[in-house]
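To start, the structure under review is shown below, and the notes come after it.
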Amino acid sequence: MSQEYCILNLLNIEDKNVKLIENFYKIEKFGNIKYKVIEAILSYEPVYCHRCGCTFNKEQTYEKNGFKTSDILMLDVCNHGCILRLHKQRFLCHSCNKKFFARTKIVNDGCFISNQVKYAIALELKNKISEIDIAKRYRVSPNTVERIIDSYYDGQKLYKHHLPEVLSFDEFKSVKSADGAMSFHMCDGKTGKTIDIVEDRKLNSLMKYFSYFTHKARSNVKLIVIDMYSPYISLIKKMFPNADIIIDKFHLVNLISTSLNKTRINIMKKDKKNYNKLKRYWKLILKSQDELNNSKWRKWRCFDKLMTQSDVVSYLINTHVELKETYEIYQNILYSIKNNKYNNLEIILNKTSNKISSYMKTSVKTLKEYLPYIKNTLSNPYHNGFVEGNNNFIKVLKRIAFGFRSFRRFKARIMICKNLLHVKKASAF
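For the record, in the sequence shown the residue sitting at position 352 is 799 according to our numbering, with numbers rising by one throughout.
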């Protein structure tokens with residue numbers, strides 16, 4: 448095994464037309480950084496002219512016409528920058544009287560960054576790391592990283608003839624260049640895999656987007672999980688003829704817990720005697736009664752005797768009639784949702800007390816409007832947990848990158864991280 452073979456293998460150069468020169472190794476400074484420079488020659492007998500396309504034979508000939516030197520950035524070797532100084536053979540075609548150069552898969556024509564570096568950057572883009580940090584790691588400019596991201600987006604193909612049986616819809620805060628403040632996120636309700644991201648969540652934009660899907664694909668959808676965003680309901684009724692709507696349980700619980708909390712705050716501001724107690728133990732009030740401990744006695748701040756969690760809550764809700772009535776209906780609704788008891792929930796909503804707070808009255812009214820969809824919620828195991836987790840990942844990615852200017856690039860980066868856009872081979876860049 449020759450020394451030349453070992454050096455080329457170390458640099459991952461598989462092109463047999465590349466040969467090292469006699470004194471091939473040196474160290475040079477580029478700016479303030481030292482690089483290991485490997486010098487080699489690229490030469491071979493061409494089959495055709497790259498300019499006019501004529502095939503070389505006895506009639507059509509060429510001649511070798513010197514070399515062109517290119518410094519090509521390679522992957523680091525032992526944490527040191529590495530440059531391949533490649534002397535490319537120049538040819539003169541006698542047919543068109545034009546010159547062309549020897550080609551190699553190491554680097555694209557007119558480029559000075561090797562395809563290996565581009566491939567490594569493409570793999571790095573899958574990780575939660577900023578583009579500037581990737582650029583520093585591989586000794587390239589941030590614009591180079593952005594061009595690699597753009598090359599992914601250009602090759603994206605979304606198959607419009609298939610949709611899964613269960614979908615999840617949600618939104619996340621978009622970038623400034625996007626048409627809307629919020630972007631639409633669609634996931635598979637069973638696997639949690641992101642299907643696609645739409646720039647704007649407005650009804651007209653979504654109608655236009657889903658119109659590109661075939662009627663068969665949209666008819667295949669049986670269940671769609673959403674939050675209580677009314678345009679989604681209008682969209683589903685028009686575009687998905689066989690789909691039932693499921694309201695995510697988290698948003699139902701959040702609706703009534705917010706109403707109870709607003710009630711507590713409103714009463715707390717008026718009750719100077721119990722102000723500190725209502726402010727300090729708000730989490731216990733929002734807790735389900737099943738989760739309250741009624742056997743462990745301990746000393747509580749703001750109280751002068753031993754009490755359990757149940758005792759603390761009982762004291763707080765009895766400070767005001769409105770808070771007590773609101774708390775009781777909150778617990779009843781919460782119990783029905785957690786235990787999937789639709790009939791019980793329907794009875795509770797239809798027999799609400801007039802003594803509950805205005806906040807809870809509004810929430811009850813909203814629940815009544817969505818009651819047919821809540822029935823689907825309580826009879827199916829699907830939820831928006833997957834899409835909410837994906838949204839959290841997107842927020843983290845956006846924060847690490849210190850924001851994105853272009854929605855196009857933002858979407859491409861999300862798709863790369865979610866393995867929806869596959870890494871191309873090094874020679875394909």
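No residue lacks a Cβ here, since even glycine has one placed at the ideal position from N, Cα and C.
In the DSSP annotation of this structure, the continuous segment of the alpha helix (DSSP H) that includes Q450 starts and ends at Q450 to L457. Boundaries of the beta strand (DSSP E) around M633: M629 to D635. Listed in chain order, the non-local C-beta contacts of T516 below 6 Å within the same chain comprise H534, local neighbours out to five positions each way being set aside.
With contacts defined as CB atoms closer than 9 Å, S630 and I671 fail to qualify as a contacting pair. Collapsing the DSSP output to three states places G513 in a strand.
The continuous alpha helix (DSSP H) containing K716 extends over residues K696 to K717.
Going by C-alpha positions, K812 is about 47 Å away from I596. Annotation for V564: the continuous alpha helix (DSSP H) segment containing it runs N562 to E571.
A straight-line Cα-Cα distance of about 23 Å links F833 and M686. Shown here, S598 sits in a helix according to DSSP, grouped into three states.
Within the model, the alpha-carbon separation for Q536 versus E510 is close to 10 Å. Here S706 has T773, Y777, S804, Y806, M807, T809 and S810 as same chain residues with Cβ atoms under 8 Å from its own Cβ, once five neighbours each way along the sequence are excluded. Taken through DSSP and simplified to helix, strand or coil, I764 comes out as helix. Under the DSSP definition of a beta bridge, R860 lacks any partner. Listed as beta-bridge partners of L731 by DSSP are no residues whatsoever. Sequence-distant Cβ neighbours of N791 in its own chain, meaning closer than 6 Å and more than five residues away, are S783.
Pairing I519 with I553 gives a Cβ-Cβ distance under 9 Å. The closest CA to that of R586, considering only K546, M521 and K696, is found on M521.
Taking C-beta atoms as the reference points, Y472 and I485 count as a pair closer than 9 Å. In the DSSP assignment, V834 falls within the alpha helix (DSSP H) that extends over G832 to I847. Classified as buried, L702 has 16 or more neighbouring CB atoms from the shown chains inside 10 Å of its CB. Annotated as proximal: A569 and V870, with beta-carbon spacing under 9 Å. Secondary structure note for N470: its beta strand (DSSP E) is the uninterrupted segment V465 to F477. Between Y817 and T641, the alpha-carbon positions lie close to 27 Å from each other. Ranked by how close their Cα comes to the Cα of K620, the residues N837, C864 and L868 have N837 in first place. Cβ-Cβ distances below 8 Å link Y495 to C501, T502 and F503 in the same chain, with the five nearest sequence neighbours on each side left out; the list follows chain order. Each residue's CA atom was taken as its position, placing F840 and K865 some 10 Å apart. Between K607 and Y659, the gap from beta carbon to beta carbon is short of 9 Å. Sequence-distant Cβ neighbours of N765 in its own chain, meaning closer than 7 Å and more than five residues away, are K771. Judged by their CB atoms, C558 and R498 are not nearer to each other than the 9 Å cut-off.
Of the candidates L650, L458 and G478, the residue whose Cα lies closest to the Cα of R532 is L458. Between the C-alpha atoms of N823 and G636 there is a straight-line separation of about 14 Å. CA-to-CA, the gap between C749 and E578 works out to about 51 Å. Membership of K583 in any beta strand (DSSP E) is not indicated; the residue belongs instead to the alpha helix (DSSP H) covering E578 to R584. The DSSP-derived three-state label of F854 is helix. Rounded to the nearest whole angstrom, the CA to CA distance from G513 to C540 is 13 Å.
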